[in-house]
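S.K.: Structure incoming, see below.
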Ligand code: NZQ
Ligand code: ZN
C-alpha cells in the first residue's frame, strides 16, 4: 500500500489541523528546558541514540547530567543506524516493555526519532506491529509511551510529525505514514548541536527539507491557495540558507533557519488543503530499502529526472516554480521553456551544493535497479500517475 501519498489531514478546502508536539527552539534550549521537562515524567527513562556521534560531541554527557540530576534511572538503547530497520524497532520495543519505561528520550536525527516513535508504540501494542502501523493506514487504539526528542541533525522534520519511516529488511520495503498519536510530546531543537554534523550530511538533510516542500507544492490544488504561497517563500529561504551555510558554516542565522525550515516543511501546516504527492520519496524509499543509501542524496538524484518526466503534465506549475524559486523571467519564452529552465536551475543548484546527480556516483549497483523499480508504487497525488515501465525508465535515467 502507498501510505506516503495520502494526506491524513484531508484534501482541498476541508481539513483538520492539530500538532501536539511542543517545540523549544534555540541555542540554549536544552539546558533551559530539558531539566523541567524531565521532572514531568516518571523515574525510568529510555535514552535512545544512534551510532555514537553524541558521545564524541559531548551531547551524551550533557544529557546524562540532566538525567542524573533529575534522579532518573536510565535505560540505554543505542546503535540505531541510518535508515532504521524493523528488527531494531522490535529489539527496542522489547526492552522498553521489559523495563516498563515512563519516557523515551530520543537524541538524534530522523533515524533515531523514527525508530523511537515505533518503539513507543511497539512496547505497548500486542498485535503484529508492522501490519497495524505500516501495512495499513488504520487507527490503533493503544496509547504509545510518551516520547521526547532532542534533535542533533536536521532535515526530516520528524521532530514535529507522527511519521516513522522504517525499513523492513525481509519484505524489502521502506515506508512510513504520519500517525498523529506518534507525535513526540516535546521536541527540543538546538541549532548549535548540528554544528558537528558532517557537511555532506547537513546539506543532504537541508535538501530533504526542500524536497518535502516540492513534493507538497507539486500537487493539487494548483489554483489560488495559501499553502502554495507559503511554500514558495519557504523554498526560496531553503535555497538562500543552504547557499549561506556553505559560504560560512558558522553563520548562526542560516543554521537556525535551516533547522526551522526542516520543521516547517513537515509539521503538517504546508500540507493543509493539499493532496500532497511524495512520488519522489516513494522512489527514493524503494532505493533505500535495497541499498540503505543516504536519503537526501537519493532525492537529489531523483527529483530532476522525475520532474523531466512530468513537466508537460504540470507545465504551468513548473513555470511558476521557476519564476518564484529560481528567478526565471516570467516574460521570456513560452511556458514549457520556462518550466524546463526551472528544472535545470534545480539541477544546477544540486550540483552547486555538492550533492550527487547520478546514482552511479552513490556506490549503487546497477543490477539492483530492476528490483528497486518493481518494488515502487505510483502515487496518485501529482499531475499524472506513473506507469510501471516509466518508473523503471526513471531509475535507468537516474543511473
Ligand atoms: O548515528 P550517529 O553516530 O549519531 O551519526 C549520525 C548519522 O550518521 C550523524 N549525526 C547526527 N547528529 C550528529 C551527527 N554527527 C555529528 N554531529 C551531530 N550532532 O548523522 C548521520 C545521519 O543521521 P540520520 O538520523 O540517519 O539522518 P536524517 O536525520 O537525515 O534521517 C534519515 C532518516 O529519516 C527518514 C529517512 O528515510 C531516513 O531513514 N525520514 C523520516 C521522515 C519523517 N519521519 O517525517 C521523513 C523523511 O522524508 C525521511 O524519509
Ligand atoms: Zn524526506
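Residue numbers (this note's numbering): 312 to 710. Note that the Cβ used here is the ideal one computed from N, Cα and C, for glycine as well. This structure is a prediction, so every number in the text was calculated from the model and none was measured.
1. Tell me which same chain residues have a C-beta within less than 7 Å of the C-beta of residue 505, skipping the five on either side of it?
2. Three-state secondary structure (DSSP) at residue 697?
3. Using the Cα positions of residue 459 and residue 590, report the straight-line distance between them to the nearest angstrom.
4. Going by the C-beta, is residue 508 closer than 7 Å to any heavy atom of the ligand NZQ?
5. Quick one: residues with CB closer than 6 Å to any heavy atom of the ligand ZN, in chain order, please.
6. Output the residue ranges of the beta strand (DSSP E) runs that lie fully inside the stretch 368-433 and measure 3 residues or longer, sorted by chain position.
7. Report the option in 621, 672, 371 and 354 whose CA atom is closest to the CA atom of residue 362.
8. Within its chain, find whatever has a CB closer than 8 Å to the CB of residue 622; leave out the 5 residues flanking it on each side and keep chain order.
9. Taking three-plus beta-carbon pairs below 8 Å as touching, is the stretch 384-401 in contact with the stretch 327-335?
10. Can you give me the Cβ contacts of residue 320 inside the same chain, cut-off strictly under 7 Å, excluding the 5 residues immediately before and after it?
11. Is residue 368 near the ligand NZQ, with its Cβ less than 7 Å from a heavy atom?
12. For residue 553, which option in 511, 585, 531 and 592 has the closest C-alpha, if you only look at C-alpha atoms?
13. Flag residue 570 as yes when its Cβ comes closer than 7 Å to any non-hydrogen atom of the ligand NZQ, and as no otherwise.
14. Identify whether residue 473 lies in helix, strand or coil by the three-state DSSP scheme.
15. If I measure Cβ to Cβ from residue 318 and keep anything under 7 Å in the same chain, skipping five residues before and after, which residues do I get?
16. Just how far apart, CA to CA, sit residue 708 and residue 632?
17. Chain B beta carbons: is any one of them nearer than 8 Å to that of residue 461?
18. Using a Cβ-Cβ cutoff of less than 6 Å, which residues in the same chain neighbour residue 353 once the five nearest sequence positions on both sides are dropped?
19. Does residue 502 pass the burial test, meaning 16 or more other C-beta atoms within 10 Å, or should it be called exposed?
20. Beta carbon of residue 463: closer than 7 Å to some heavy atom of the ligand NZQ?
21. Specify the secondary structure class of residue 660 as computed by DSSP and reduced to three states.
22. Taking contact to mean at least 3 C-beta pairs separated by less than 8 Å, is the stretch 486-499 in contact with the stretch 532-544?
23. Closest by CA to residue 515, which one among 676, 665 and 686?
24. Within 7 Å: the Cβ of residue 472 and any heavy atom of the ligand NZQ?
25. Assign residue 400 to one of two classes, buried (16 or more other C-beta atoms within 10 Å of its C-beta) or exposed (fewer than that).
26. The beta strand (DSSP E) spanning residue 498 covers which residue range?
27. Shorter than 7 Å, the distance from the beta carbon of residue 415 to the closest heavy atom of the ligand NZQ, or not?
28. Using beta-carbon positions only, say whether residue 359 and residue 461 come within less than 8 Å of one another.
29. Relative to the ligand NZQ, is the shortest distance from any of its heavy atoms to the C-beta of residue 365 smaller than 7 Å?
30. For residue 375, which option in 342, 641 and 410 has the closest C-alpha, if you only look at C-alpha atoms?
31. Nearer than 7 Å: is that true of the beta carbon of residue 560 relative to any heavy atom of the ligand NZQ?
M.R.: Based on what the coordinates show:
1. Against the chain shown, residue 505 aligns to sequence position 194. Excluding residues within five positions, the ones whose Cβ falls inside 7 Å are 463, 464, 465, 513, 566 and 570.
2. Working through the chain shown from its first residue, we reach residue 697 at position 386. Residue state, collapsed to three classes: coil.
3. Sequence index remark: in the chain shown, residue 459 carries index 148 (1-based). Sequence index remark: in the chain shown, residue 590 carries index 279 (1-based). Spanning the two alpha carbons is a distance of roughly 30 Å.
4. Walking along the chain shown from the start, residue 508 turns up at place 197. Yes, the Cβ of residue 508 comes within 7 Å of a heavy atom of the ligand NZQ.
5. Per the CB criterion, closer than 6 Å to any heavy atom of the ligand ZN, the qualifying residues run in chain order as 467, 519, 522, 523, 592 and 606.
6. Listed in chain order, they are 384-388 and 414-419.
7. Residue numbering aside, residue 362 sits at position 51 when the chain shown is read from its first letter. Relative to the Cα of residue 362, the nearest Cα in the group 621, 672, 371 and 354 belongs to 371.
8. The count along the chain shown starts at 1 and reaches residue 622 at position 311. Hits under 8 Å: 629, 647, 650, 651 and 654.
9. Result no; under three Cβ-Cβ pairs closer than 8 Å.
10. Taking the first residue of the chain shown as 1, we reach residue 320 at position 9. For residue 320, the predicted structure reports a pLDDT of 39, less than 50, and the residue's modelled location is therefore unreliable. A value from the coordinates is still provided. Answer for residue 320: 326, 327, 328, 579, 582 and 583, listed in chain order.
11. The residue given as residue 368 occupies position 57 in the chain shown. Result yes, Cβ under 7 Å from the ligand NZQ.
12. Taking the chain shown and counting its residues from 1, one reaches residue 553 at position 242. Per the Cα distances, 511.
13. Here the question's residue 570 lines up with position 259 in the chain shown. For the ligand NZQ, not one heavy atom lies less than 7 Å from the Cβ of residue 570.
14. Here the question's residue 473 lines up with position 162 in the chain shown. Coil at residue 473, not helix or strand.
15. Taking the first residue of the chain shown as position 1, residue 318 is located at position 7. Legend: pLDDT at residue 318 = 42, less than 50; position of this residue unreliable, value from coordinates given subsequently. Cβ within range, chain order: 582, 585, 586 and 587.
16. On the chain shown, position 397 is the one that residue 708 refers to. On the chain shown, position 321 is the one that residue 632 refers to. Between residue 708 and residue 632, the C-alpha separation is close to 23 Å.
17. Protein chains in the displayed structure number just one, and chain B is not present.
18. The residue given as residue 353 occupies position 42 in the chain shown. The residues are 413.
19. As a working mapping, residue 502 is identified with position 191 in the chain shown. Under this definition residue 502 is a buried residue.
20. Locating residue 463 in the chain shown gives position 152, counting from the first residue. It does: the Cβ of residue 463 is within 7 Å (strictly closer) of some heavy atom of the ligand NZQ.
21. Reading the chain shown from its first residue, position 349 is the one you call residue 660. The answer is helix: DSSP assigns residue 660 an H, G or I state.
22. Note that the stretch 486-499 does not touch the stretch 532-544; fewer than 3 beta-carbon pairs, one per stretch, sit closer than 8 Å.
23. As a working mapping, residue 515 is identified with position 204 in the chain shown. Out of 676, 665 and 686, 665 has the C-alpha closest to the C-alpha of residue 515.
24. In the chain shown, the residue the question calls residue 472 occupies position 161. Using a cutoff of 7 Å, the CB of residue 472 counts as near the ligand NZQ, since one of the ligand's heavy atoms is closer than that.
25. Against the chain shown, residue 400 aligns to sequence position 89. Residue burial is scored here from C-beta neighbours: residue 400 has at least 16 other C-beta atoms within 10 angstroms and is therefore classed as buried.
26. On the chain shown, position 187 is the one that residue 498 refers to. From DSSP, the beta strand (DSSP E) with residue 498 extends over 497-500.
27. Along the chain shown, one-based indexing puts residue 415 at 104. It does not: the Cβ of residue 415 is nowhere closer than 7 Å to a heavy atom of the ligand NZQ.
28. Within the chain shown, the letter at position 48 stands for residue 359. Within the chain shown, the letter at position 150 stands for residue 461. Result no, Cβ atoms of residue 359 and residue 461 do not sit closer than 8 Å.
29. As a working note, residue 365 is residue 54 in the chain shown. Result yes, Cβ under 7 Å from the ligand NZQ.
30. Along the chain shown, one-based indexing puts residue 375 at 64. The residue with the shortest Cα to Cα distance from residue 375 is 342.
31. Start at 1 with the first residue of the chain shown, and residue 560 comes out as number 249. Incorrect: residue 560 has no Cβ contact closer than 7 Å to the ligand NZQ.
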